[in-house]
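Engineer: Counting with the working numbering, you get residues 446 to 979 for the letters of the sequence shown. I'd like to ask some things about the structure below.
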Amino acid sequence: MNLKADKVKESTVHLSGFGVGGTGFFVAPDKIATNFHVIEKYTTGPITAKLGHKETIWPVEGVVAFDIEYDIAILKVKGKGISLPLGDNDTLQIGEFISVVGFPAPENRYKVTKGVVEKIRNSDKRFQTTAEVYPGNSGSPVLNSKGEVIGIHYGHNPGNSPVNAIKTLLTGATSTESLEQWQKGKVVRAYFYFKDGRKKFYNRNYKGAIDDFNQAIELNPDNAETYRHRAQAKAESGDLKGAVEDYNQVIKLNPNDTEIYAYRGRAKADLGDHAGAIEDFTQMIKLKPNDPSRYYKSRGAEKESLDDHIGAIEDYTQAIKLKPDDPSGYNSRAWTKKHIGDYKGAIDDWTQVIKLTPDDVNAYYTRADAKISLGDYAGAIEDCDHIIKLKPDDAVQAYIRRGDTKQNLGDYVGAIEDYNQLMEIDPGFAYYGIIGRGRAKSNLGEHVGAIEDFTHAIKLRPEQATAYNARGLTKVALEDYAGAIADYNKAIELAPKYAKAYHNRGKAKEALGQLEAAKIDFEKAKELDPDAKN
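Structure follows, in structure tokens:
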């Protein structure tokens with residue numbers, strides 16, 4: 446069909462008098478469909494509907510029906526026009542050719558734009574097209590190849606409401622309200638509060654937003670979208686319990702709003718109601734959303750919180766099957782495997798993450814840690830080498846890990862080089878570099894130099910018990926048992942549950958022949974850490 450044919454031109458009108466221009470089209474001899482947001486800006490004065498190719502004008506008498514959710518309004522006009530045939534959304538398919546006709550700004554001239562249906566939302570049949578549209582196309586009819594209306598354009602994401610919503614409004618369109626009367630109605634006033642609240646929400650004024658949403662709900666308690674936004678505002682302001690209650694109300698009012706289970710699930714998770722969150726994410730999976738993998742991952746995380754590690758791994762595995770090129774599924778599964786001691790499995794998963802995202806330094810870090818747990822120090826050093834190559838100026842943690850790992854391999858000189866390098870890159874990490882270097886020197890037998898480093902570390906971070914403990918060990922190597930005990934005393938003062946400090950103090954006392962005192966320290970160390978050895 447040629448959409449520039451007279452019938453389409455005779456049925457599509459430019460609306461003016463609302464503050465901004467918009468498009469409308471005849472759906473009955475005396476009724477025009479347009480967007481709710483086109484007419485909401487009305488203040489005073491006459492409203493007209495005009496054809497684009499000739500001076501035919503219809504005065505708008507008022508509103509006969511509207512649907513805020515679908516952004517549709519049906520206007521009554523004085524006189525009669527030619528109606529466009531209304532199609533059926535149930536037959537709409539992705540890839541179907543469509544045309545959008547209207548009066549895009551700034552010229553406000555009649556224009557036909559072609560495209561195809563790109564997406565159809567299951568929950569409410571809104572759809573997205575590839576047609577290029579502009580301000581002024583609001584209220585434009587979307588036509589199929591037969592010239593039938595299949596939707597009305599309103600904006601973006603997805604941008605078009607289904608024609609069946611227009612049909613529903615027409616069946617109930619019996620009386621006409623003037624625009625002045627219409628704007629005074631509770632539902633419309635509630636919308637204005639909702640709109641103000643939404644602006645405040647986006648400006649992070651959550652208290653102001655909640656106040657506006659409260660007013661909107663008082664005027665129109667049956668609007669699910671207002672509860673949804675109030676729930677989000679409550680969640681952002683820390684009222685998670687209130688958010689869950691509002692999400693409950695959304696589900697009662699609009700059970701087809703599938704995404705709401707995900708929102709409620711996240712709120713429950715933040716509240717610590719992991720079992721409730723699992724129920725919601727399970728519901729999301731049952732509803733077969735466009736991307737079920739994300740909800741398997743969310744459910745897996747909640748199972749992990751309940752120590753159901755096997756169940757978590759099963760969910761992450763399912764997410765990976767659905768989206769094998771998404772590194773986040775492998776990463777989540779790797780963390781769970783590491784948590785249960787399956788370091789090899791964790792390494793395999795982080796290796797897959799690295800294959801998918803070769804520049805992901807975090808994956809190298811976590812894989813290096815897992816390799817260290819397996820005793821694969823050479824492999825861990827290789828991962829640290831990669832990190833340093835990828836981010837040479839931001840690799841402090843890599844130098845720390847590599848230095849510590851070199852010590853595990855007995856390469857104390859190489860470790861000292863790494864600790865020196867990390868202090869050069871970021872002096873803010875000097876404490877860690879000096880502590881590591883002190884231990885390496887001690888292992889090399891350079892005990893005096895080691896004590897100097899530990900003393901320097903204590904000056905930098907006097908609240909750290911580990912530095913005192915390390916210096917105490919080095920003093921023992923120099924047979925300064927009294928000095929070592931003084932350091933262990935300080936370490937225990939700073940960290941009363943520091944089992945190693947008690948054990949080490951016991952050894953120093955034992956060397957001085959203080960056997961009863963040593964026994965007490967060994968028993969305390971055992972109490973704090975059953976694995977502590979005498």
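Even for Gly, the Cβ is constructed at its ideal location relative to N, Cα and C. If you're wondering where the values come from, they're calculated on a predicted model, not measured in any experiment.
Is Gly-878 closer than 8 Å to Lys-886 when the C-beta atoms are compared?
Structural biologist: The answer is no: Cβ separation not under 8 Å.
Engineer: Runs of 4 residues minimum, wholly inside the segment 897-954: which ones carry the alpha helix (DSSP H) assignment?
Structural biologist: Listed in chain order, the complete alpha helix (DSSP H) runs (minimum 4 residues) inside the segment 897-954 are 910-922, 926-939.
Engineer: Quick one: residues in its chain with C-beta nearer than 6 Å to the C-beta of Ala-576, no 5 flanking neighbours on either side, listed in chain order?
Structural biologist: Cβ within range, chain order: Val-545, Thr-558, Gly-560.
Engineer: Asp-871: which of Tyr-822, His-598, Ala-843 sits nearest, CA to CA?
Structural biologist: Of the candidates Tyr-822, His-598, Ala-843, the one whose C-alpha sits nearest the C-alpha of Asp-871 is Ala-843.
Engineer: Among the residues of its own chain, which have a CB less than 6 Å from the CB of Lys-454, if the five just before and after it don't count?
Structural biologist: The answer, listed in chain order, is His-498.
Engineer: Which residues bound the alpha helix (DSSP H) around His-719?
Structural biologist: 719-731 is the extent of the alpha helix (DSSP H) around His-719.
Engineer: By a C-beta neighbour count over all protein chains shown, 10 Å radius and 16 as the cutoff for buried, is Ile-755 buried or exposed?
Structural biologist: The residue is exposed, with fewer than 16 neighbouring Cβ atoms inside 10 Å.
Engineer: Between the segment 705-714 and the segment 723-733, do three or more beta carbon pairs fall short of 8 Å?
Structural biologist: Yes, they touch.
Engineer: For Pro-474, collect the residues of the same chain with a Cβ closer than 7 Å to its Cβ; drop the 5 residues on either side in sequence, then sort them by chain order.
Structural biologist: Within the same chain, Pro-474 has close Cβ partners Lys-525, Gly-526, Ser-528.
Engineer: Mapping DSSP to helix, strand and coil, what is Thr-850?
Structural biologist: Helix at Thr-850.
Engineer: If you follow the beta strand (DSSP E) that Gly-560 is part of, which residue opens it and which one closes it?
Structural biologist: It spans 556-565 - the beta strand (DSSP E) in which Gly-560 sits, taken as one unbroken run.
Engineer: Any heavy atom of the ligand GTP inside 7 Å of the beta-carbon of Gln-628?
Structural biologist: The ligand GTP is absent from the structure shown, which contains no ligand whatsoever.
Engineer: So, for Lys-631: in the same chain, excluding its five sequence neighbours on each side, which residues have a beta-carbon less than 8 Å away from its beta-carbon?
Structural biologist: Cβ within range, chain order: Leu-664, Asn-665.
Engineer: Rounded to whole angstroms, how far is the Cβ of Asp-863 from the Cβ of Arg-884, which I believe are closer than 8 Å?
Structural biologist: 12 Å between Cβ atoms; not a contact.
Engineer: Check the C-beta distance from Ala-669 over to Asp-702 and give it rounded, since I have them as a contact under 8 Å.
Structural biologist: Correct: roughly 6 Å between the Cβ atoms.
Engineer: Say whether chain B places a C-beta atom closer than 8 Å to the C-beta of Arg-711.
Structural biologist: Considering every chain present, this structure includes no chain B. It has just one protein chain.
Engineer: Does DSSP put Ala-963 in a helix, in a strand, or in coil?
Structural biologist: Ala-963: helix per DSSP, three-state reduction.
Engineer: What do you get for Gln-538, buried or exposed, if any count of 16 or more other CB atoms within 10 angstroms of its CB means buried?
Structural biologist: The residue in question, Gln-538, is exposed, as its Cβ has fewer than 16 Cβ neighbours within 10 Å.
Engineer: Could you tell me if Gly-604 is buried or exposed, where buried requires 16 or more neighbouring beta carbons within 10 angstroms of its beta carbon?
Structural biologist: So Gly-604 counts as buried.
Engineer: Which term fits His-948, buried or exposed, when burial requires 16 or more other beta carbons within 10 angstroms of its beta carbon?
Structural biologist: By the neighbour-count rule (16 or more Cβ atoms within 10 Å), His-948 is buried.
Engineer: Using a threshold of 8 Å, state whether the C-beta atoms of Thr-489 and Ser-461 are closer than that.
Structural biologist: Contact flag unset, no.
Engineer: Please list the terminal residues of the continuous beta strand (DSSP E) segment that includes His-598.
Structural biologist: Counting along the chain, the beta strand (DSSP E) containing His-598 begins and ends at 594-598.
Engineer: How would you call Phe-548, buried or exposed, if buried means at least 16 neighbouring beta carbons within 10 angstroms?
Structural biologist: Buried.
Engineer: For the segment 614-630 against the segment 587-598, are there 3 or more C-beta pairs whose distance is under 8 Å?
Structural biologist: No, they do not touch.
Engineer: Measure the C-alpha to C-alpha separation of Phe-967 and Glu-961 and round it to an integer number of angstroms.
Structural biologist: Their Cα atoms are separated by approximately 10 Å.
Engineer: Beta-carbon within less than 6 Å of Ala-676's beta-carbon, same chain only, minus the 5 sequence neighbours each way: which residues are those?
Structural biologist: Excluding positions up to five away in sequence, the list reads Ala-688, Asp-691, Tyr-692.
Engineer: To the nearest whole angstrom, what separates the beta carbons of Lys-523 and Pro-504, a pair I think is in contact under 8 Å?
Structural biologist: The Cβ separation is near 5 Å, so the contact holds.
Engineer: Roughly how many angstroms lie between the CA atoms of Gly-855 and Tyr-651, to the nearest whole one?
Structural biologist: Approximately 57 Å, taken between the alpha carbons.
Engineer: From the DSSP output, in three-state form, read off Ile-527 for me.
Structural biologist: Reduced to three states, the DSSP call for Ile-527 is coil.
Engineer: Please return the same chain residues whose Cβ sits closer than 6 Å to the Cβ of Tyr-636, not counting the five positions on each side in sequence.
Structural biologist: So the list reads Ile-513, once near-sequence residues are dropped.
Engineer: Taking all protein chains shown into account, do 16 or more other C-beta atoms lie within 10 angstroms of the C-beta of Asp-657, making it buried, or fewer, making it exposed?
Structural biologist: Buried, by the Cβ-count rule.
Engineer: Since Tyr-933 and Arg-950 are thought to touch, with beta carbons under 8 Å apart, how far apart are those beta carbons, to the nearest angstrom?
Structural biologist: Going by Cβ atoms, the distance from Tyr-933 to Arg-950 rounds to 4 Å, so yes, they are a contact pair.
Engineer: Going along the chain, which residues of its own chain have a beta-carbon closer than 6 Å to the beta-carbon of Ala-764, five neighbours each way excluded?
Structural biologist: So the qualifying residues of the chain are Ser-738, Tyr-741, Lys-742, Gly-774.
Engineer: For His-601, count the other beta carbons within 10 Å of its own beta carbon; 16 or more makes it buried, fewer makes it exposed. Which is it?
Structural biologist: With fewer than 16 Cβ atoms within 10 Å of its Cβ, His-601 is classed as exposed.
Engineer: Can you check DSSP and say which residues form a bridge with Asn-668?
Structural biologist: Looking at the DSSP assignment, Asn-668 forms no beta bridge with any residue, so it has no partner.
Engineer: How is Asn-609 classed by DSSP in three states: helix, strand or coil?
Structural biologist: Looking at Asn-609 - three-state DSSP - the assignment turns out to be helix.
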